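See below for the structure under consideration.
Number of protein chains: 2
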Amino acid sequence: MSKTTLPKRERQRQLIEKLKKDPFITDEELSDDFNVSIQTVRLDRLELGIPELRERIRSVASDNYSKIKTIEAKEIIGEIVDIELGENGLSILETTNDMVFEKTQIVRGHYIFAQAESLAIAVIDAKVALTGVANIKYKKPIYAGDKLVAKAHVHRVRGNKYFVWVFIRVKQEEAFRGKFILVSVDENGRA
Amino acid sequence: MSKTTLPKRERQRQLIEKLKKDPFITDEELSDDFNVSIQTVRLDRLELGIPELRERIRSVASDNYSKIKTIEAKEIIGEIVDIELGENGLSILETTNDMVFEKTQIVRGHYIFAQAESLAIAVIDAKVALTGVANIKYKKPIYAGDKLVAKAHVHRVRGNKYFVWVFIRVKQEEAFRGKFILVSVDENGRA
DNA sequence: CTATACCTTAATACTAGGTACTAGTATTAG
DNA sequence: CTAATACTAGTACCTAGTATTAAGGTATAG
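Quick mapping for you: the protein sequence lines, in order, are chains A and B. Those letters in the first sequence? Residues 1 to 191, by my numbering. Those letters in the second sequence? Residues 1001 to 1191, by my numbering.
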């Protein structure tokens, strides 16, 4: 951008920004960008306590390694602690900071929906299921850290249609209720 | 484990396994584990086409970096391509293999729900919103690769309640419809 | 106007975790 | 016995650094 060199303060501020956005930048590239020597970049990093490229990459990798693992394990969202196939089930979801709206710290609705739907699907005694209809209501906001306890109950079965009710409570207080009509399908996804 | 060295085949098989489970192992550690020289490990990697530690870490990092980014960018699920605040909006979600039930390749309902809810929240002209009630219906199964086109329309506003209808189509065919009642809240999450 | 402090650059020695290559030994099969 | 296969050893080189010492430049205070 600009050819003139920035004052130290500003340069360091931008350095932090830059590496936050993209931690995969070498000192050499940075020294080019800022139009200073590579030593200056290194002094800056030292002052700011920013580790070297390889460490940055390593931490991105190991941070996300476990993170991704848990996200993928989320075929079913929430941990099923008790289930009676075709009858009822109970699952628990510990909400985290990843699940919230930044501004309000309120857990995004679809995580709650996902827990409920996952449990509803798990509880019915069919190979594969599809949500047909859901009628849901959020009763009160849920915050990061809240432990959601979902109870599902198979209300009625008619043909390949399952009527499942799910209630989610936080500290004994009802936070969500949903009625799902699930449709079991064959291997080809036909109802 | 065993002090005796394994036959080459078996060692290489285990090497692959090991690095799959944990890609953060150096050649030196591997040579210790397998009780062979570091050169042997390197020959093995060369034969098997396994890159060096730093490359492995780098790819874990960058793979997951974008993956995490998109997951985190999931403040809004799907890409909003058009929006008239308070009126209507349009978003597109390209479904991927990450989103499906393994057995049937059918996209999990909560992704669809999330797209619809995200758009509904985005379209209303309020700082923060919370889903109060939703009435939804899945009309047909959606498969990995399908492009979901969601249209939201603000139906009515009453006080801090917004009635938003969302329709999702796949190749012009309706796949989902939902009616959301969204509640705007203040900074403290109160309605 | 000079002295001091700070900023920047340069240069050198050293590190981890490799690649690429050459040269060798040990073991086994035919 | 010979050839093939498996393994080990060692060297030169690379990248992206750390750590340290030294040397200039500039701005500001006295």
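Using N, Cα and C, we set each Cβ at its ideal position, and we do this for glycine too. Keep in mind that this is a model prediction, so the values were computed, not measured.
Quiz item: Touching or not, the segment 117–128 of chain A and the segment 140–147 of chain A, by the rule of three or more beta carbon pairs under 8 Å?
Solution: no
*asked:* Here's the rule: buried if 16 or more other CB atoms are within 10 angstroms of the residue's CB, otherwise exposed. What is GLU1075 of chain B?
replied: For the purposes of this step, residue 1075 of chain B is identified with residue 75 of the second sequence, where counting begins at 1. Its pLDDT being 49, under 50, GLU1075 of chain B is placed unreliably in this model, and the value from its coordinates should be taken loosely. By the neighbour-count rule (16 or more Cβ atoms within 10 Å), GLU1075 of chain B is not buried but exposed.
* Selection from B:ILE1124, B:ARG1009 and B:PHE1167 that minimises the alpha carbon distance to ASN1135 of chain B -> Taking the second sequence and counting its residues from 1, the one referred to as residue 1135 of chain B is at position 135. Nearest C-alpha to ASN1135 of chain B: B:PHE1167.
Requested in this report: Answer with buried or exposed for ARG9 of chain A, where buried requires no fewer than 16 other C-beta atoms within 10 angstroms of its C-beta.
Outcome: For the purposes of this step, residue 9 of chain A is identified with residue 9 of the first sequence, where counting begins at 1. Counting of Cβ neighbours within 10 angstroms places ARG9 of chain A among the exposed residues, the total staying below 16.
Check: Using 8 Å as the Cβ pair cut-off and three pairs as the minimum, do the segment 155–171 of chain A and the segment 1158–1166 of chain B touch?
Finding: no
Since PHE113 of chain A meets chain B, which of its residues come closer than 7 Å, beta carbon to beta carbon? Along the first sequence, read from residue 1 onward, the residue named residue 113 of chain A stands at position 113. Here the neighbours are HIS1110 and PHE1113.
Self-check item: Nearest-angstrom Cβ-Cβ length linking ASP27 of chain A and VAL41 of chain A, presumed shorter than 8 Å
Solution: The count along the first sequence starts at 1 and reaches residue 27 of chain A at position 27. The count along the first sequence starts at 1 and reaches residue 41 of chain A at position 41. Yes, they are in contact, since the Cβ atoms of ASP27 of chain A and VAL41 of chain A sit about 5 Å apart, within 8 Å.
| field | Cutoff 8 Å: GLY1132 of chain B Cβ touching any chain A Cβ | value | Stepping through the second sequence from its first residue, residue 1132 of chain B is reached at position 132. Yes - at least one Cβ of chain A is within 8 Å of the one on GLY1132 of chain B.
Contact set between TYR1162 of chain B and chain A, taken where Cβ atoms lie within less than 9 Å
The count along the second sequence starts at 1 and reaches residue 1162 of chain B at position 162. Residues of chain A passing the Cβ test: none, with the nearest at roughly 14 Å.
Name, please, each residue of chain B whose Cβ falls closer than 9 Å to the Cβ of PHE24 of chain A. Residue numbering aside, residue 24 of chain A sits at position 24 when the first sequence is read from its first letter. Those within 9 Å of PHE24 of chain A in chain B are ARG1058, ALA1061, SER1062 and TYR1065.
- Query: Interface residues of chain A around VAL1185 of chain B at Cβ under 9 Å?
  - Reply: Within the second sequence, the letter at position 185 stands for residue 1185 of chain B. Under the 9 Å cutoff, chain A gives THR104, ILE106 and PRO141.
* Asked: Between A:LEU19, A:GLU87 and A:VAL81, which lies nearest to GLU94 of chain A when the distance is taken from Cα to Cα?
  -> Within the first sequence, numbered from 1, the residue matching residue 94 of chain A stands at position 94. Comparing Cα-Cα distances from GLU94 of chain A to each of A:LEU19, A:GLU87 and A:VAL81, the minimum goes to A:VAL81.
Self-check item: Residues bridged to THR131 of chain A [DSSP beta-bridge criterion]
Solution: As a first step, residue 131 of chain A must be located in the first sequence, where it is residue number 131. Looking at the DSSP assignment, THR131 of chain A forms a beta bridge with A:LEU182.
Please classify PRO51 of chain A as buried or exposed, where buried requires at least 16 neighbouring CB atoms within 10 angstroms.
Taking the first sequence and counting its residues from 1, the one referred to as residue 51 of chain A is at position 51. It counts as exposed.
Notebook entry, point to check: How many angstroms separate the CA atom of ILE106 of chain A from the CA atom of ALA1129 of chain B?
Noted result: The residue given as residue 106 of chain A occupies position 106 in the first sequence. The residue given as residue 1129 of chain B occupies position 129 in the second sequence. Computed Cα separation, rounded: 10 Å.
* Asked: For GLY1089 of chain B, does the count of other Cβ atoms within 10 angstroms reach 16, so buried, or fall short, so exposed?
  -> Taking the first residue of the second sequence as position 1, residue 1089 of chain B is located at position 89. Buried is the call here.
Coarse secondary structure for SER1037 of chain B, derived from DSSP in three states: Here residue 1037 of chain B refers to the residue found at position 37 of the second sequence. If DSSP states are grouped into helix, strand and coil, SER1037 of chain B belongs with coil.
- Message: Can you confirm whether LYS1197 of chain B, when its beta carbon is compared against all beta carbons of chain A, has any partner nearer than 8 Å?
- Response: With chain B covering 1001 to 1191 only, the question about residue 1197 of chain B has no answer from this structure.
Does ILE1142 of chain B come out as helix, strand or coil in the three-state DSSP assignment? Translated into positions along the second sequence, residue 1142 of chain B becomes position 142. In the structure shown, ILE1142 of chain B sits in coil (DSSP, three-state: anything other than H, G, I, E or B).
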